[in-house]
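Trainee:
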Amino acid sequence: MHWHNTTSNLLKPVAEQPRAGLITDMDGTISHIVDQPDQAQITARSRELLKALHPCLALVAIVSGRAAEDIRHRVGLPELVYVGNHGLERWIDDAVSLTPEAAPFRPKLEAATASLNARKIPGMVVEDKGATLSVHYRQVSDPNETAIQFHPIIQEIADSQGLRLFQGRMVFELRPPIEVDKGTAFRNLVEEFQLDAAIYIGDDTTDVDALHAARQLRESGVCHAVGIGVQSPDMPEVVGEAADVMTSGVSDVEALFSWLLKSRKASSTC
Ligand SMILES: [Mg+2]
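Its first residue numbered 144, the sequence shown is counted upward by one per residue in my numbering.
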């Protein structure tokens, strides 16, 4: 169902509750997907709306697989909260804090980075993100074939270093075997900021944990959380299944922000 059709019921508490939060993914949600991950930029309209929403909400946070400092730099709004590396680190009040359990895995990530750099194929980009690492293959000659052919190679490297392998849109990721994901990150934010309503927005498989968490929080009565998916031509099917409602793309996410801002102002919550 499209979010437009739920503003008078499912989304209403997010517009009206005093302690409401907006938690969003970055790539493919508030920034367009680009061939080089390096060049991803949040849209000017999203930046403007997030800045305006910050004083109207109890929390505006960006949760991403990128390093926290990287997201903060790209979004450029120091007043927001940035949760990086899928929840393994956080930028808040001008400082980055790493989940303590992640620190011992640093040498293993370095060894895996070295192995991957030795075995990568042309067009592949190995990115060391501090607490995790990504292998981007959007730029190889046949990405679908690479996803199949390279899988056993990266699985072997993950196994040899005791790391976990994950797959997203044109990306492999290696992470420490710690029970932290965007779902736990979302739950922690809801609890810590005592949110009584919240939305989570995301477009990829790694967002599914948070979309599930939103539904569970709402159904258990802890917080009126709503999971919102972002439609795209290569959106994984599981995103559509896990989301409560959908946006049609990055510019529709801007339209949702704009509705939220207008509604918060109308309900005198900012
Ligand atoms: Mg994304």
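C-beta: ideal position from N, C-alpha, C; glycine also. Predicted model, so just to flag it, every value in this text is computed and none were measured.
Can you tell which of Leu202, Leu399, Arg281 and Gly208 has its C-alpha closest to the C-alpha of Val323?
Mentor: Position 180 of the sequence shown, counted from the first residue, corresponds to residue 323. For the residues Leu202, Leu399, Arg281 and Gly208, the minimum Cα distance to Val323 belongs to Gly208.
Trainee: Per DSSP, which residues does His145 bridge with? Please list them.
Mentor: Sequence index remark: in the sequence shown, residue 145 carries index 2 (1-based). Answer by DSSP bridge pairing, in chain order: Met389.
Trainee: Drop a sphere of 10 angstroms on the beta-carbon of Ile291, count the other beta-carbons inside from all chains shown, and report buried for 16 or more, exposed for fewer.
Mentor: Stepping through the sequence shown from its first residue, residue 291 is reached at position 148. With fewer than 16 Cβ atoms within 10 Å of its Cβ, Ile291 is classed as exposed.
Trainee: What do you get for Ser277, buried or exposed, if any count of 16 or more other CB atoms within 10 angstroms of its CB means buried?
Mentor: Counted from its first residue, the sequence shown places residue 277 at position 134. When all chains shown are included, Ser277 counts as buried.
Trainee: Based on the DSSP output, what are the partners of Ser411 in its beta bridges?
Mentor: Taking the sequence shown and counting its residues from 1, one reaches residue 411 at position 268. None, per the DSSP bridge assignment.
Trainee: If I measure Cβ to Cβ from Met389 and keep anything under 8 Å in the same chain, skipping five residues before and after, which residues do I get?
Mentor: Sequence index remark: in the sequence shown, residue 389 carries index 246 (1-based). Excluding residues within five positions, the ones whose Cβ falls inside 8 Å are Met144, His145, Trp146, Ile371, Gly372, Val373, Gln374 and Gly383.
Trainee: Taking the continuous beta strand (DSSP E) assigned at Ser151, which residues delimit it?
Mentor: Position 8 of the sequence shown holds residue 151. That residue, Ser151, is in no beta strand (DSSP E); it is neither H nor E in DSSP.
Trainee: Quick one: grab the DSSP three-state call for Val278.
Mentor: Numbered from 1 along the sequence shown, position 135 holds the residue referred to as residue 278. Strand, per DSSP.
Trainee: Label Ser151 either buried or exposed according to how many other C-beta atoms from any shown protein chain fall within 10 Å of its C-beta, with 16 as the threshold for buried.
Mentor: In the sequence shown, the residue the question calls residue 151 occupies position 8. Its Cβ having fewer than 16 others within 10 Å, Ser151 is exposed.
Trainee: Would you mind stating whether Gly305 and Lys251 have Cβ atoms separated by less than 8 Å?
Mentor: Numbered from its first residue, the sequence shown carries residue 305 at position 162. Numbered from its first residue, the sequence shown carries residue 251 at position 108. Cβ distance < 8 Å, so Gly305 and Lys251 count as in contact.
Trainee: Since Ala210 contacts Gly230 with CB under 8 Å, what's their CB separation in whole angstroms?
Mentor: Stepping through the sequence shown from its first residue, residue 210 is reached at position 67. Stepping through the sequence shown from its first residue, residue 230 is reached at position 87. About 12 Å separates the two Cβ atoms, so there is no contact after all.
Trainee: Using CA atoms only, rank isn't needed, just tell me which of Asp285, Thr275 and Ala340 is closest to Phe309.
Mentor: Walking along the sequence shown from the start, residue 309 turns up at place 166. Checking every option, the nearest Cα to that of Phe309 belongs to Thr275.
Trainee: Taking just the CA atoms, how far does Pro295 sit from Leu154?
Mentor: Against the sequence shown, residue 154 aligns to sequence position 11. Against the sequence shown, residue 295 aligns to sequence position 152. Rounded to the nearest angstrom, the two C-alpha atoms are 43 Å apart.
Trainee: Measuring only the C-alpha atoms, how far is Ser363 from Ala357?
Mentor: For the purposes of this step, residue 363 is identified with residue 220 of the sequence shown, where counting begins at 1. For the purposes of this step, residue 357 is identified with residue 214 of the sequence shown, where counting begins at 1. Rounded to the nearest angstrom, the two C-alpha atoms are 10 Å apart.
Trainee: With distances taken Cα to Cα, identify the nearest neighbour of Ala353 among Ile176, Asp387 and Ile264.
Mentor: As a working note, residue 353 is residue 210 in the sequence shown. Among Ile176, Asp387 and Ile264, the Cα nearest to that of Ala353 is on Asp387.
Trainee: Cβ of Leu196 within 8 Å of Cβ of Leu404?
Mentor: In the sequence shown, the residue the question calls residue 196 occupies position 53. In the sequence shown, the residue the question calls residue 404 occupies position 261. For Leu196 and Leu404, yes; Cβs fall inside 8 Å.
Trainee: Have a look at Ala261 and Met267 and give me their C-alpha separation to the nearest angstrom.
Mentor: For the purposes of this step, residue 261 is identified with residue 118 of the sequence shown, where counting begins at 1. For the purposes of this step, residue 267 is identified with residue 124 of the sequence shown, where counting begins at 1. Rounded to the nearest angstrom, the two C-alpha atoms are 11 Å apart.
Trainee: With a cut-off of 8 Å on the beta carbons, I'd call Ala385 and Val351 a contact; round off their distance for me.
Mentor: Here residue 385 refers to the residue found at position 242 of the sequence shown. Here residue 351 refers to the residue found at position 208 of the sequence shown. About 5 Å; that satisfies the 8 Å criterion.
Trainee: How is Gln184 classed by DSSP in three states: helix, strand or coil?
Mentor: For this step, residue 184 is matched to residue 41 along the sequence shown. If DSSP states are grouped into helix, strand and coil, Gln184 belongs with coil.
Trainee: Out of Arg281, Lys194 and Ala246, point me to the one whose CA is closest to Gln179's CA.
Mentor: Taking the first residue of the sequence shown as 1, we reach residue 179 at position 36. Gln179 has its Cα closest to that of Arg281, out of Arg281, Lys194 and Ala246.
Trainee: CB Ala245 to CB Val224, shorter than 8 Å?
Mentor: Translated into positions along the sequence shown, residue 245 becomes position 102. Translated into positions along the sequence shown, residue 224 becomes position 81. Going by C-beta atoms, Ala245 is not nearer than 8 Å to Val224.
Trainee: Roughly how many whole angstroms lie between the Cα atoms of Ile344 and Ser240?
Mentor: The count along the sequence shown starts at 1 and reaches residue 344 at position 201. The count along the sequence shown starts at 1 and reaches residue 240 at position 97. If I take the Cα positions, the gap works out to 23 Å.
Trainee: From this set, Ile185, Pro265, Ala255 and Gly326, which residue's C-alpha is nearest Arg93's C-alpha?
Mentor: This structure does not reach residue 93, given that the chain is present from 144 up to 413, and the question cannot be answered.
Trainee: Below 7 Å CB to CB, which residues in the same chain sit around Cys366 once its five sequence neighbours on both sides are set aside?
Mentor: For the purposes of this step, residue 366 is identified with residue 223 of the sequence shown, where counting begins at 1. Contacts found: Val333, Leu338, Asp339, Ala340, Ala341 and Leu360.
Trainee: Give me the DSSP bridge partner(s) of Ile273.
Mentor: The residue given as residue 273 occupies position 130 in the sequence shown. Correcting the residue type first, residue 273 is Gly in the shown sequence and not Ile. Answer is none; Gly273 lacks a bridge partner.
Trainee: Under DSSP, the beta strand (DSSP E) around Arg318 begins and ends at which residues?
Mentor: As a position in the sequence shown, residue 318 is number 175, starting the count at 1. Its beta strand (DSSP E) spans residues Val314 to Arg318.
Trainee: Against chain C, with Cβ distances strictly below 8 Å, would Arg312 count as a contact?
Mentor: No chain C appears in this structure, which consists of one protein chain only.
Trainee: Return the bridge partner residues of Phe309 from the DSSP annotation.
Mentor: The sequence position of residue 309 within the sequence shown is 166, counting from 1. Partner(s): Glu316.
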